[in-house]
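If you read the sequences in order, they're chains A and B. Take 44 as the starting number for the first sequence in our numbering and just add one per residue. Take 489 as the starting number for the second sequence in our numbering and just add one per residue.
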Amino acid sequence: MNLTLKIWRQKNAGTKGSFATYRMDDVSPEMSFLEMLDALNKKLVEEDKYPVAFDHDCREGICGSCGMYINGHPHGPVPAITTCHLSMRYFKEGDTIWIEPWRAKPFPVIKDLIVDRTAFDKIQIAGGFISVNAGAAPEANSILVEKKKSDDAFDSAICIGCGACVAACKNASAMLFVSAKISQFALLPQGRIEAKERVRAMIEKMDEAGFGNCSNTGACEAECPKQIKLTNIARLNREYFKAY
Amino acid sequence: MGKLISKIPDGPLAQKWTKYKASVKLVNPANKKKLEIIVVGTGLSGAGASSALGELGYSVKTFCYQDSPRRAHSVAAQGGINAAKNYQSDGDSIYRLFYDMIKGGDFRAREANVYRAAEVSNEVIDHYTAIGVPFARDYGGTLDTRSFGGVQVSRTLYSRGQTGQQCLLGAYSSLNRQIKKGNVTMYPRREMLDIVLIDGKARGIIARNLLTGEIERHAAHAVVLATGGYGTIYYMSTLAVNSNASAAWKAHKKGAFFANPSFVQIHPTCVPQMNEFQSKLTLMSESLRNDGRVWVPKSKGDAREANEIPEDERDYFLERRYPAFGNLVPRDVASRAAKERCDAGFGVGETGLAVNLDFRDSMKKQGKKVIENKYGNLFEMYKTITGIDPYEEPMRIYPAGHYTMGGLWVDYELMTTIPGLYAIGEANFSDHGANRLGASSLMQASGDGYFILPNTINNYLADEIRVPKISTDNPEFAETEKAAVGILNKLISIKGKQTASSFHKRLGKIMWDYCGMIRNKEGLEKALVLINDLKKEFWRDLNIPGTISELNMELEKAGRVADYFELAGLLATDALNRNESCGAHFREEFQTPDGEALRNDEKFAFVAAWEYAGEGNPHILHKEELKFEEVEMKVRSYK
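So this is what it looks like as structure tokens:
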């Protein structure tokens, strides 16, 4: 199929960006979205032009590196997948595709479609851990965990830290991301011991990084490639109230 | 032989590690603070080592090329992590885990290292559980396990189909804790360009800031490489597309021997290639073979839909050839058996390069719900990629490059042949012999990082306590930096026509065709010529737009591909040199009448450790003889 791509090009954080238009002919419906961009970049490099910069790595939906706005949706129009898993079979002949970076103040653009997500790391560093040194742990089965709670903790723990929730939110809130980590630890007995300090520290860092507040719109849940649930945010709020 | 001192402690196998720990030199807490350690890579081994060393009080500097340490490729491991817990009372023990690994590796691994890996496996599970890794549980609240290929017990702990992700996020959280405490300084988006040696010891690295192109010097008392494997040498593989061997290869060129480069695992259960632009092959966890049955039609070129082929016209070839282990034979065996059927014309799908992995029977027996609980996310992923629903039709799978058992040669202390330079996790060669068993990579990487290196490195650093902070003003830093920048300038000034990826793709095809699942002398010799020709073309016709002093992903790729050309040559040479079949290394000339691998223990029971001898000179082979004190080398049979 033949497509028109409107891609955000921006040299660096200090310069203004704009959309550039590219024609892509003979795109196979079996390509992934990133493979389509690979093909564009191959052409650009052969013409000695700067390729479109984007983050990507595992290309199997688990590392959380890739992420771009595609036709107004983080990771594109298909629910519950990352950009690398988006297949070109979802597009049709003659389509124009708009491709943009995440847009949120705490995620400044570095170049083209690459943004700086280190604010997420900073929140995790503030308290997203359980303080046990290697070698200090008791025998694993001495900690019993109710299966339901363990499964729920897992469902929260599968967040890949891609930032789609922040990009989707009109407030650029990081509440879904933070609540997923808080929930994982809040649900497990191992995590209860430091629960108060953790939630205080992570929320403080979240606010400091400039993320907005949650107004229960639910765009984050709708766009999350891993389907992290909004109920995590409710749990985060409860944990936060309990911590003071 | 003289240069390879493996430092295996004396005494009975089961007591070596305990004895070693009791007698190894220690560093007191006040001195630890003054000693700096560089760790490159943040997968399970790198993040594990960084956090454990930080917990001990060392000053650690950790590097990764990703934007966050949480994205290292351990994150993609699916099926599980082994431990000798014997939670099922099915006769498991440390000895059995050790024996399964030694046998699975076709008796080409070092006995003492493998035993130790099995020994620390239980501590690894205790640790991950304590730091909140949500492993699957039974209704009573205890940990659940599943089975994996090549073993007859159930010893694999798992988090649905995302065990690697959950363990890595656990390791990332312990790393974060040490970052917060100030014991670890994290340098993301950095690529190591070279190792700096002073008086023969590893004393630092030259790194490139991938965002700015700035070249940085970082000094330390010791350097640890946790940089993973070289599976992307095949271009398409199950690895992250940016995974690379450059750090290990640069260390090799500085004097670290490279061991068994030809031992590469081709994973049997991957989504087959669908188009020519494809950039990677996605793994479908081996755990699927617990409940999925592998089959092809009994008649050649049978074009019917899988569900229309009746039971008696299906060839469950793994169950037929290997009745004792059935669908759970080790990976190398399963891969070759699939290739054999496809090459003989029985493959399915449009390309004929695929076999069926069918869940019909287990869904009938256990119910769809149970299967969904175990593999739900894998089924979803398969459907997303292919558009086919595995609840309704069998999956189609084909082997793909996956894991490299070869890597930097290390002694019992995980030190390379460069003093003060360590290699851990997949980056070293030590524990998997000629073939790795499923769920043992997470186990080994975590064991190396959390529990082995933090003990062994003391033995070296104890003699370094009088060495003051290493200065990056040493002339060795300037020289190494100059050489590293020289390579970048050379690459960027070629100004040819072709992209780094297009060369990588062509190199990958050569490697897959001649140095893949099945090899022979003629093909390997041909590969050496083809690799060399393509390498020359690369250095003549590569194009990289832009400069070296900015974010330049084409430059990053080119540097990695340049190193792959050199490693590819060594891989083929090693395969050519090893005139036997063992584990994943299958030489057509050396097989039994029924097509199984034919080892030659008399001549090849050694680790091939290759020494770099300078540009254009052939590598020098050193042999570490493998002595088995506890086990007897047997023919590896899964029949």
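Built from N, CA and C at the ideal position, the CB exists for glycine as well. Please read these numbers as outputs of a predicted model, since none were measured by experiment.
Taking CB distances under 8 Å as the criterion, tell me whether residue i reaches chain A.
| i | result |
| --- | --- |
| B/N763 | yes |
| B/M489 | With a pLDDT of 40 at B/M489, under the threshold of 50, the modelled position of that residue is not reliable, and no figure is offered here. |
| B/K521 | no |
| B/V729 | yes |
| B/A540 | yes |
| B/G1034 | yes |
| B/Y508 | no |
| B/E543 | yes |
| B/I873 | yes |
| B/E611 | yes |
| B/R634 | no |
| B/R648 | yes |
| B/W505 | no |
| B/L657 | yes |
Go ahead and label residue i buried or exposed: buried means 16 or more other beta carbons lie within 10 angstroms of its beta carbon, across all protein chains shown.
| i | result |
| --- | --- |
| B/Q503 | exposed |
| A/I173 | buried |
| B/G670 | exposed |
| A/N275 | buried |
| B/K1091 | exposed |
| A/G137 | exposed |
| A/S258 | exposed |
| A/K154 | buried |
| B/R792 | exposed |
| B/Y718 | buried |
| B/I493 | exposed |
Are the C-beta atoms of residue i and some chain B residue less than 8 Å apart?
| i | result |
| --- | --- |
| A/G60 | no |
| A/G234 | yes |
| A/Q270 | no |
| A/K49 | no |
| A/C263 | no |
| A/E78 | yes |
| A/C212 | no |
| A/A252 | no |
Taking the alpha carbon of residue i as the reference point, which residue from the options has its own alpha carbon closest?
| i | options | result |
| --- | --- | --- |
| B/L845 | B/D779, B/V608, B/A618 and B/D626 | B/D779 |
| B/E1103 | B/T757, B/E868, B/H740 and B/K495 | B/H740 |
| A/Y93 | B/K997, B/P1033 and B/T530 | B/P1033 |
| B/N977 | B/W1000, B/N947, B/R625 and B/T1035 | B/T1035 |
| B/V821 | B/A915, B/V684, B/G629 and B/T757 | B/T757 |
| B/T944 | B/P500, B/D498, B/S494 and B/Y508 | B/Y508 |
| A/C205 | A/G107, A/D81, A/A82 and A/F62 | A/G107 |
| B/S556 | A/R160, A/M131 and A/L156 | A/R160 |
| B/P749 | B/F917, B/A600 and B/A950 | B/F917 |
| B/L544 | A/G178, A/I113 and A/A223 | A/G178 |
| B/T530 | B/G658, B/K591 and B/Y587 | B/G658 |
| A/A162 | A/I142, A/T125, A/I50 and A/V209 | A/V209 |
| B/Y646 | B/Q640, B/G875 and B/V621 | B/V621 |
| B/G1011 | B/V1049, B/N1020 and B/I998 | B/I998 |
Taking residue i as the query, report the chain B residues whose CB atoms sit under 7 Å from its CB, ordered along the chain.
| i | result |
| --- | --- |
| A/I96 | Per the sequence shown, residue 96 of chain A should be read as Ala rather than Ile. L1039 and M1041, listed in chain order. |
| A/G104 | M869 |
| A/S71 | N763 and F765 |
| A/E247 | Those do not exist, as A/E247 stays about 13 Å from chain B at its closest Cβ, beyond 7 Å. |
| A/D164 | S556 |
List the residues of chain B whose Cβ lies closer than 9 Å to the Cβ of residue i, in chain order.
| i | result |
| --- | --- |
| A/P181 | D614, T617 and A618 |
| A/K154 | L699, E1038 and L1039 |
| A/S108 | Q554, D555, S556, R559, A728 and N730 |
| A/N92 | It is Lys, not Asn, that sits at residue 92 of chain A in the sequence shown. Within 9 Å Cβ-Cβ: P1033. |
Residue i touches chain A at which residues, Cβ-Cβ below 8 Å?
| i | result |
| --- | --- |
| B/I667 | I168 |
| B/G661 | In the sequence as presented, Gly is not what sits at residue 661 of chain B; that position holds Ser. What B/S661 touches in chain A: Q167, G171, F172 and I173. |
| B/Y627 | K190 |
So which residues of chain A does residue i contact, with C-beta pairs closer than 7 Å?
| i | result |
| --- | --- |
| B/T987 | K85, V88 and E89 |
| B/Q654 | A200 |
**Prompt:** Taking any Cβ of chain A, which residues in the region 574 to 608 of chain B have a Cβ under 9 Å from it, in chain order?
**Reply:** Y575
**Message:** Using a Cβ-Cβ cutoff of 8 Å, what residues of the region 926 to 942 of chain B are near chain A? List them in chain order.
**Reply:** Y938, F939 and P942
**Prompt:** If you measure beta-carbon to beta-carbon, which residues of the region 186 to 204 of chain A are closer than 7 Å to chain B?
**Reply:** I186, L187, V188, E189, K190, S193, A196, F197, A200, I201 and G204
**Item:** Short-range partners of chain A found in the region 552 to 572 of chain B, where Cβ spacing is below 7 Å
**Value:** Q554, D555, S556, R558, R559, H561, V563 and A564
**Request:** Could you list the residues in the region 768 to 779 of chain B with a C-beta less than 7 Å from some C-beta on chain A, going in chain order?
**Result:** Listed in sequence order: K768 and T770.
**Residues from the region 793 to 817 of chain B in contact with chain A, defined by Cβ distance under 8 Å** = Hits within the stretch: zero.
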